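Peer 1: Be aware that the sequence shown starts at 556, since it is given in the numbering used here, and climbs by one per residue. All C-beta atoms in this analysis are idealised placements derived from N, C-alpha and C, irrespective of residue type, glycine included. From a predicted model like this one, the values you see are computed outputs, not experimental measurements. Let me give you the structure first, and then I'll get to my questions.
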Amino acid sequence: SVLHYGQEVFEGLKAYRRADNTIWLFRPAFNANRFNQSARRMALPEIPVEDFVGSCVDLVRADARWVPVKDGATLYLRPFMYASESFLGVHPAHEVTYLNIGSPSGPYFDNGFSPVSIYVSEDYHRAGPGGTGEAKTSGNYAASLQPQEIAAEKGYAQVCFLDGETNTYIDELGGMNVFVVYRDGKVATPQLTGCILEGGTRGAIIQVLADEGITVSEERIALHQLLDDIRAGKVAEFLACGTAAVVTPIGKLGGKDFELEVPTGPMTKHIHDVITGIQWGRREDPHGWCYRVL
Ligand SMILES: Cc1ncc(COP(=O)(O)O)c(C=O)c1O
556 SVLHYGQEVF
566 EGLKAYRRAD
576 NTIWLFRPAF
586 NANRFNQSAR
596 RMALPEIPVE
606 DFVGSCVDLV
616 RADARWVPVK
626 DGATLYLRPF
636 MYASESFLGV
646 HPAHEVTYLN
656 IGSPSGPYFD
666 NGFSPVSIYV
676 SEDYHRAGPG
686 GTGEAKTSGN
696 YAASLQPQEI
706 AAEKGYAQVC
716 FLDGETNTYI
726 DELGGMNVFV
736 VYRDGKVATP
746 QLTGCILEGG
756 TRGAIIQVLA
766 DEGITVSEER
776 IALHQLLDDI
786 RAGKVAEFLA
796 CGTAAVVTPI
806 GKLGGKDFEL
816 EVPTGPMTKH
826 IHDVITGIQW
836 GRREDPHGWC
846 YRVL
C-alpha cells in the first residue's frame, strides 16, 4: 500500500558519543510526539512514547560501535512506519510496520560555516492549507524534489517554499526551518500555520534565545518585506535550522526576478555553539534535553 498511497511517517534524530565515551540522544520524546502527530494525520496508529524512545535506545546499544568517535559525527537514527498491507485500494492500511534504522553521519561543517544559497520557489509548493505540511511524511518530500532540481539547475543549494494559499509568506526550506535576525535585535521565524513542519531545532532555538532574554516573534514573514528589509540593511542574518546541521547561515537569496546577498553575523554561530554545546555535554543542559543511552 505505501508504494501506491504514500501512507508513511518518519523521524530523524541523532546519537552523540561524547568525549567521555558516553552516548546520548537529544530530545527523543520530542521526536516521539511529532511522530505520533504525523501518524494521526496519515491515519496510521500511534506508538507509545516509551516504545519509540526504547527503539532508539535499543538500536544505539546494539550498534554502539557504529556511533562515531569523531567530534561532530553522529549515528543518525531514522524511525519510520508505513502501510505494509498488500492491498490495492485507497483505505488506511490494516497492517503497518514500524522500523528504526541508523547510519553514521559525518560532521556537517568541517571548516567552520559556509553560507548556503537559497532559491525561492514561486511556482511550486510543498504544502497547502489542510494538507500534510506539518506531518513528517514522504509525500511532502516527493513534492519538494522537482523544485529542488530547478533550484540546483540555477546554482542554488536549497529551496525556500512560500505558503500555498497566497504565495506570499515564507514557510520553510525543503528540510529546514528559517529564522531572520534583524539589526534592531528582533528575531523572527515563520509562525506554525499547519503547513510547516515544527522543527525540534526551531523549538530549541526559541528556548535558548528566551533563556537569554530574547523573545522570538513567530509571525508571517512576507517575502517582499524580507527582500525590502535586506535591501534596506535591516536584516543582520538569515539562517536555516534542522537536526542535520543545527544551524546554517543563508548567504544568498534568489528567485524569478531577484538575487540578493544576505549578510552573515555572530548570532548564527552563537546559536550553533549553544545547542551543540548542550548536545555534546560541553554546556549545562538546563531543560534536561539530553538523554543518556550508554
Ligand atoms: C520539512 C522540514 N522542516 C524542518 C525540519 C527541521 O526539523 P528538526 O529541527 O526537527 O530536524 C526538517 C527536518 O526534519 C524538515 O524535514
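1. Take Y696 as the anchor and find which of E727, S669, V671 has the nearest alpha-carbon.
2. If we ignore side chains and look at the alpha-carbon of each, how far apart do G561 and N655 end up?
3. Report back the beta-carbon spacing between K569 and T831 to the nearest angstrom; my notes put them in contact at under 8 Å.
4. Where do the ends of the alpha helix (DSSP H) carrying Q746 lie?
5. Does the beta-carbon of N588, which I'm using as the reference point, lie nearer than 7 Å to any heavy atom of ligand 1?
6. Label H680 either buried or exposed according to how many other C-beta atoms from any shown protein chain fall within 10 Å of its C-beta, with 16 as the threshold for buried.
7. Shortest alpha-carbon distance to V564 belongs to which of E677, R837, Y637, L643?
8. Spatial neighbours of S658 within its chain, please: C-beta separation below 6 Å, excluding the five flanking residues on both sides.
9. With H, G and I counted as helix, E and B as strand and the rest as coil, what does DSSP make of N655?
10. Decide if V771 is buried, meaning its Cβ has at least 16 other Cβ atoms within 10 Å, or exposed.
11. According to DSSP, what are the bridge partners of E792?
12. Helix, strand or coil for E767, going by three-state DSSP, please let me know.
13. Please determine whether the Cβ atom of C611 lies at a distance below 7 Å from any heavy atom of ligand 1.
14. Applying the 10 Å Cβ sphere with the 16-neighbour rule, what's the burial state of S641?
15. Expressed to the nearest angstrom, what Euclidean distance is found between the alpha-carbon atoms of I751 and F590?
16. Starting from the Cα of L765, find the closest Cα among T803, H779, I826 and give me that residue.
17. Could you tell me the distance, in whole angstroms, from the CA atom of P603 to the CA atom of G686?
18. Going by CA-CA distance only, name the one from G749, V557, T629, H559 that's closest to N576.
19. Note the first and the last residue of the continuous beta strand (DSSP E) segment covering M636.
20. With DSSP collapsed to three states, give me the class of D606.
21. What distance in whole Å lies between the Cβ atoms of I785 and V817, which are believed to be in contact at a cut-off of 8 Å?
22. For E708, count neighbouring Cβ atoms within 10 angstroms of its own Cβ and tell me buried if that reaches 16, exposed if not.
23. Can you tell which of A574, P634, S556, L558 has its C-alpha closest to the C-alpha of A587?
24. What separation, rounded to the nearest whole angstrom, lies between the Cα atoms of R573 and P821?
25. Whose CA, out of Y571, V615, Y663, K789, lies closest to the CA of G740?
26. I need the straight-line Cα distance from E601 to E814, nearest angstrom please.
27. What are the residues that DSSP puts in a beta bridge with R847?
28. Can you check whether the CB of T823 is closer than 8 Å to the CB of E774?
Peer 2: With the structure as the only source:
1. On the sequence shown, residue 696 is found 141 positions in, with the first residue counted as 1. Closest by alpha carbon: E727.
2. Taking the sequence shown and counting its residues from 1, the one referred to as residue 561 is at position 6. Taking the sequence shown and counting its residues from 1, the one referred to as residue 655 is at position 100. Distance from the CA atom of G561 to the CA atom of N655, rounded to whole angstroms, is 18 Å.
3. Taking the first residue of the sequence shown as 1, we reach residue 569 at position 14. Taking the first residue of the sequence shown as 1, we reach residue 831 at position 276. Not quite, the Cβ-Cβ distance comes to about 11 Å (not below 8 Å), so this is no contact.
4. Locating residue 746 in the sequence shown gives position 191, counting from the first residue. No alpha helix (DSSP H) holds Q746; DSSP gives it neither H nor E.
5. Numbered from 1 along the sequence shown, position 33 holds the residue referred to as residue 588. At a threshold of 7 Å, N588 does not count as near ligand 1, since its beta carbon sits no closer than that to any of the ligand's heavy atoms.
6. Residue 680 sits at position 125 when you count from the first residue of the sequence shown. Residue burial annotation: H680 is buried, with at least 16 other C-beta atoms found within 10 angstroms of its C-beta.
7. Looking up residue 564 in the sequence shown gives position 9. Nearest C-alpha to V564: Y637.
8. Walking along the sequence shown from the start, residue 658 turns up at place 103. Y631, listed in sequence order.
9. On the sequence shown, position 100 is the one that residue 655 refers to. DSSP places N655 within a strand segment (E or B) once states are collapsed to three.
10. To locate residue 771, count along the sequence shown from 1; it is residue 216. Here V771 is buried, its C-beta having at least 16 other C-beta atoms within 10 Å.
11. The residue you call residue 792 lines up with position 237 of the sequence shown. Answer is V736.
12. Here residue 767 refers to the residue found at position 212 of the sequence shown. In the structure shown, E767 sits in coil (DSSP, three-state: anything other than H, G, I, E or B).
13. Taking the first residue of the sequence shown as position 1, residue 611 is located at position 56. C611 Cβ: outside cutoff for every heavy atom of ligand 1.
14. As a working note, residue 641 is residue 86 in the sequence shown. Counting every other CB atom within 10 Å of its CB across the protein chains shown gives S641 a total below 16, marking it as exposed.
15. For the purposes of this step, residue 751 is taken as the residue at position 196 of the sequence shown. For the purposes of this step, residue 590 is taken as the residue at position 35 of the sequence shown. Rounded to whole angstroms, I751 to F590 spans 15 Å at the Cα level.
16. Locating residue 765 in the sequence shown gives position 210, counting from the first residue. The identity of residue 765 in the sequence shown is Ala, whereas the question assumes Leu. Closest by alpha carbon: I826.
17. On the sequence shown, position 48 is the one that residue 603 refers to. On the sequence shown, position 131 is the one that residue 686 refers to. One Cα belongs to P603, the other to G686, and the distance between them is close to 25 Å.
18. Translated into positions along the sequence shown, residue 576 becomes position 21. It is T629.
19. Mapped onto the sequence shown, residue 636 falls at position 81. In the DSSP assignment, M636 falls within the beta strand (DSSP E) that extends over 629–638.
20. Taking the first residue of the sequence shown as position 1, residue 606 is located at position 51. Helix at D606.
21. Translated into the one-based positions of the sequence shown, residue 817 becomes position 262. Translated into the one-based positions of the sequence shown, residue 785 becomes position 230. Separation of the CB atoms of V817 and I785 is rounded to 6 Å, and the pair is thereby assigned contact status at 8 Å.
22. As a working note, residue 708 is residue 153 in the sequence shown. E708 should be labelled exposed.
23. Mapped onto the sequence shown, residue 587 falls at position 32. Of the listed residues, the one whose Cα sits closest to A587 is P634.
24. Walking along the sequence shown from the start, residue 573 turns up at place 18. Walking along the sequence shown from the start, residue 821 turns up at place 266. Going by the C-alpha atoms only, they are around 26 Å apart.
25. Translated into positions along the sequence shown, residue 740 becomes position 185. Comparing Cα-Cα distances from G740 to each of Y571, V615, Y663, K789, the minimum goes to K789.
26. If you number the sequence shown from 1, residue 601 lands on position 46. If you number the sequence shown from 1, residue 814 lands on position 259. Distance between the alpha carbons of E601 and E814: 44 Å.
27. Taking the first residue of the sequence shown as position 1, residue 847 is located at position 292. BP columns for R847 point to W579.
28. Taking the first residue of the sequence shown as 1, we reach residue 774 at position 219. Taking the first residue of the sequence shown as 1, we reach residue 823 at position 268. For the 8 Å CB-CB criterion, E774 and T823 do not form a contact.
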